[in-house]
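>
Protein chains in written order, with our numbering: chain A, 6 to 351; chain B, 6 to 351; chain C, 6 to 351.
#1: In chain A, which residues lie less than 7 Å from residue 203 (chain C) when you measure between Cβ atoms?
#2: Pick helix, strand or coil for residue 317 (chain B), following the three-state DSSP scheme.
#3: Given residue 6 (chain B), which residues of its chain have a CB within under 7 Å of its CB, disregarding the five upstream and five downstream residues?
#4: State yes or no: is the beta carbon of residue 18 (chain B) nearer than 7 Å to at least one beta carbon in chain C?
#5: Which residues in the same chain as residue 319 (chain B) place their Cβ atom closer than 8 Å to its Cβ, once the five residues preceding and following it in sequence are excluded?
#6: Which word fits residue 339 (chain A), buried or exposed, when buried means at least 16 other C-beta atoms lie within 10 angstroms of its C-beta?
#7: To the nearest angstrom, report how far apart residue 89 (chain A) and residue 12 (chain A) are at their CA atoms.
#8: Check each candidate in C:33, C:215, C:293 and C:27 and name the one with the smallest Cα separation from residue 277 (chain C).
#9: Given the structure, does residue 326 (chain A) come close to the ligand FAD, in the sense that its CB is under 6 Å from one of the ligand's heavy atoms?
#10: Span of the alpha helix (DSSP H) holding residue 46 (chain A)?
#11: So, with DSSP's three-state summary, where would you put residue 92 (chain C)?
#12: Would you mind stating whether residue 208 (chain A) and residue 174 (chain A) have Cβ atoms separated by less than 7 Å?
#13: Which class does residue 202 (chain A) belong to by DSSP, given the choice of helix, strand or coil?
#14: Helix, strand or coil: which one does DSSP assign to residue 13 (chain C)?
#15: Would you say residue 262 (chain C) and residue 280 (chain C) are within 7 Å of each other, going by their C-beta atoms?
#16: Report yes or no: do the stretch 222-231 of chain B and the stretch 244-260 of chain B share at least 3 C-beta pairs separated by less than 8 Å?
#17: Can you list the alpha helix (DSSP H) stretches of 4 or more residues lying completely in the stretch 93-156 of chain A, in chain order?
#18: Whose C-beta lies closer than 8 Å to the C-beta of residue 127 (chain C) among residues of the same chain, with five residues either side of it excluded?
#19: For the stretch 265-284 of chain C, enumerate the residues whose C-beta is nearer than 9 Å to any C-beta of chain A, in chain order.
#20: Locate the alpha helix (DSSP H) running through residue 337 (chain A), then write down its first and last residues.
#21: Please confirm whether residue 38 (chain A) and residue 63 (chain A) have their CB atoms less than 7 Å apart.
#22: So, are the CB atoms of residue 257 (chain A) and residue 240 (chain A) less than 7 Å apart?
#23: What whole-angstrom Cβ distance do residue 309 (chain C) and residue 296 (chain C) have, given they're in contact under 8 Å?
#24: Can you pull the chain A residues whose beta carbon is under 8 Å from the beta carbon of residue 304 (chain C), in chain order?
#25: Assuming residue 140 (chain B) contacts residue 153 (chain B) (C-beta within less than 8 Å), just tell me the rounded distance between them.
#26: If residue 33 (chain B) and residue 96 (chain B) are in contact, beta carbons under 8 Å, what's the gap, nearest whole angstrom?
#27: From residue 118 (chain C) to residue 304 (chain B), what does the alpha carbon distance come to, in whole angstroms?
#28: Which same chain residues, not among the five before or five after residue 265 (chain C), have their C-beta less than 8 Å away from its C-beta?
#29: Pull the bridge partners of residue 24 (chain C) from the DSSP assignment, please.
#30: Can you look up residue 86 (chain C) in the DSSP assignment and give me helix, strand or coil?
#31: Take residue 269 (chain B) as the anchor and find which of B:259, B:260, B:275 and B:289 has the nearest alpha-carbon.
#32: Could you confirm whether any beta carbon from chain A is found closer than 7 Å to the beta carbon of residue 312 (chain C)?
#33: Verify the CB distance criterion: does residue 15 (chain C) have a CB-CB separation below 7 Å to chain A?
#34: Cβ of residue 148 (chain A) within 7 Å of Cβ of residue 159 (chain A)?
#35: Which class does residue 33 (chain B) belong to by DSSP, given the choice of helix, strand or coil?
#36: With a cut-off of 8 Å on the beta carbons, I'd call residue 165 (chain C) and residue 102 (chain B) a contact; round off their distance for me.
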């Protein structure tokens, strides 16, 4: 059962101001269509303006200019969506199991555990592991030799950290994430492929979140490195020696090939494919399914991909794609011939 | 060792009729090319017709009209492929380990286990978990607080169910599936990204199958929901608040972004990318690698994607794609100029 | 701490020859830009030629013709990159934990373990499992009934092998890989989909490496089969009944649909999508994000995919893709009309 808050308490906690009844009690948050008399909601932008006076919410988070037009209780914020997210957190703090070490955990010698850690059932900590204070290592996680996890981090069940992986403070790592497995490196030899030992490691900054079943490979030599505040969604592949700048976010199913260097504050959408050994500047946005094979050196929005159409039409168009260069040449030839005809006429 | 069946017994079990020797014993099923004298096979459609009289199979499953042309033993079915699948099941019932709770399982208080459940080695069941009668929770699975799994379900090893996930009856969930991890939701703030607590959950209907390493995220608020009979292949990403209608099937590596609403009886092929906040009608088929960024409101078959060609040709054509709009404008200009020339001539 | 080697020892171990001081001691390998006086590096090709005389490396691996122009110590090799990889291995042999069986492992009856195996914490071995000599089964792995793993193999933590899977010698399988889960096979029935039992298995040859969270499904009937020396990267999907020839390598995030038959010595890049029931010849290279829906019967390099461009331009071009067939028809019509005009003039 969540705690009840007054608007005054919420305003104090979120550095916003109350408009209306500061003693009004709030029990939960909800969407503006569904919020009831003891619930709080928000309007993110003007397109939801018409909901302002029909909402049954007990209070709304609004910008100052919207609040002028509203008779009910409100919290006034420069950024209602961010204030909403902060208040959702107040009502629903991230669940952290109690500190303690489950008797089934298998803990090697020379492991250093900070104060108030939680080590769940069947966790395996190899020698040289360091876990910071207040960190939760949930059931079934495996931390290889010399892994370091910073304070106040939260590893959900079955996270696998290969040896030497370093993770900063306040990390959130979801189940099935594999960090530090070998990069994919082989040298052709007469009989097949010779494995290049992957002797580097993975280093993640502070405040990183890694999605479920995402894979981040260790470097061939040196480090694969994610900066502070990087957020990765599910089922992402980060190859060896990739570098990702601070506060870059990447959506699900994207793959980044070896040694790519991604800037900070980038936003990369889902199912993108980024080739190896290229550079992406800071503050680049890449839309879904994009295929990047050259460096992007200027901030901006970049896209590729061909969108869905009725199947029969697609078949006709897809075939023509193979004729595109030929079509372009025929077009140029027509232009030239037509110009000659026109010249002859003059 | 599988049990031996007579054709009469198989006909009774599958509601088909025998043509030929009803006492013929069948020991196994096999492909029509490989089936031997004590094996059963089937012909799915007329294009395999020429195999009818060369097959060494002890019996075939055929439609009535094909059976007229066949001298051997047969089971007559309106749907030979479905009958075949049913008979494969008779010979190879899904393996379910014996009921019982492995002593290494870690079971919290306030867990409710139905009759004849199997709880494998190293399973962790947190408080409030409910497991229905006859359900198998294989080794290494983790069921978070208040997870519900219906009767007769089968979780393969290392399935991770985050708190509050609800799964119906007769589910089959393959290893590495992660259900209920946080949706990918952040609000920009001056210094980076603020995590929006994902306080919803995941609800799966009855008769759902989830493939290996597939991820289904919990809702931000409310529920991510898959209807009855939904089948997901491996390595699929289902984002927060997605809704999938009954009996929709989705092939491997597809990703569906947040709050998309997929209809029932849809067939979505592999490696598709479906954007967030859109609607797909019932009975829509989407072919492989399609990229969907707008709603699809009519049943039908939809496609996108450009298929492989020789690399040198591809390079030329791919470059032209960037000139496509310009080419279209040049084409329109040519049409106009040519029309003028033709008019001048008249 | 790695052992120190003299150049003479390294030359002996790698069948190369020393140029310069054979007693020179080497402590580690490093990139040519970073290598210091007791480190060894290499030059892979002529484009790094300018680094030859500025490098501080204690020795370099060079081809004979490059060595002529170099004053320092060198190892002379026909293939410097392969020699480098072999020497990295000498300095960094793959870590293998000591032989032994962890007391928390759960081992059924009728399990056959070779000499010097390592069975880690919380491993589960079901009945009929065979593990070859010297093989490492790391913490949390699950080997289902009758699984066979050959000698000298290395399974990282949390590898899941479904029943009957057969793995050759010297395999390396990374965490989260799921081998032998059910193929995705259903028959439509009036009320939804009927599951076709997947009664085949997976067979991997010798010297196979499988990446993190990669899935290889068991065959519907018969075997899904990967040849000797096949290397799969992370997050790959291999569907039921796929056949992959010897020494083929596949990069991350690629998906291969059911019953596709891939040749030997192929190189398939990341995020490719290969349709079912097709054939790819030996020695085919497929570049990243390619979409293959027909067989490729000749060796060569094949590609598809449209690369990223500025978003506004992309929107214009992507719309035109839907008009491509119409554009081609208009182009042909223009050509015809222009030819008529030209004929009329003559």
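Glycine residues also receive a C-beta, built at the ideal position from the N, C-alpha and C atoms.
A quick note: this is a predicted structure, and the numbers were derived from the prediction, not measured.
On the basis of the coordinates in this document:
#1: Here the premise fails: no neighbours, minimum Cβ distance about 22 Å.
#2: helix
#3: With a pLDDT of 46 at residue 6 (chain B), under the threshold of 50, the predicted position of this residue should be treated as unreliable, though the coordinate-derived value follows. Closer than 7 Å at Cβ, skipping near neighbours: no residue.
#4: no
#5: 313
#6: buried
#7: 13 Å
#8: C:293
#9: Judged by which ligands are present, the structure shown has none, so any question about the ligand FAD falls away.
#10: From DSSP, residue 46 (chain A) is part of no alpha helix (DSSP H) but of the beta strand (DSSP E) over 44-47.
#11: helix
#12: no
#13: coil
#14: helix
#15: yes
#16: yes
#17: none
#18: 107, 109, 110, 111, 144 and 145
#19: 270, 274, 275 and 276
#20: 329-350
#21: no
#22: yes
#23: 5 Å
#24: In chain order: nothing, as chain A lies at least about 15 Å away.
#25: Not quite, the Cβ-Cβ distance comes to about 11 Å (not below 8 Å), so this is no contact.
#26: 6 Å
#27: 56 Å
#28: 244, 247, 248, 279, 280, 281, 282, 283, 284 and 285
#29: C:79
#30: helix
#31: B:289
#32: yes
#33: no
#34: no
#35: strand
#36: No, residue 165 (chain C) and residue 102 (chain B) are not in contact; Cβ-Cβ is about 15 Å, not under 8 Å.
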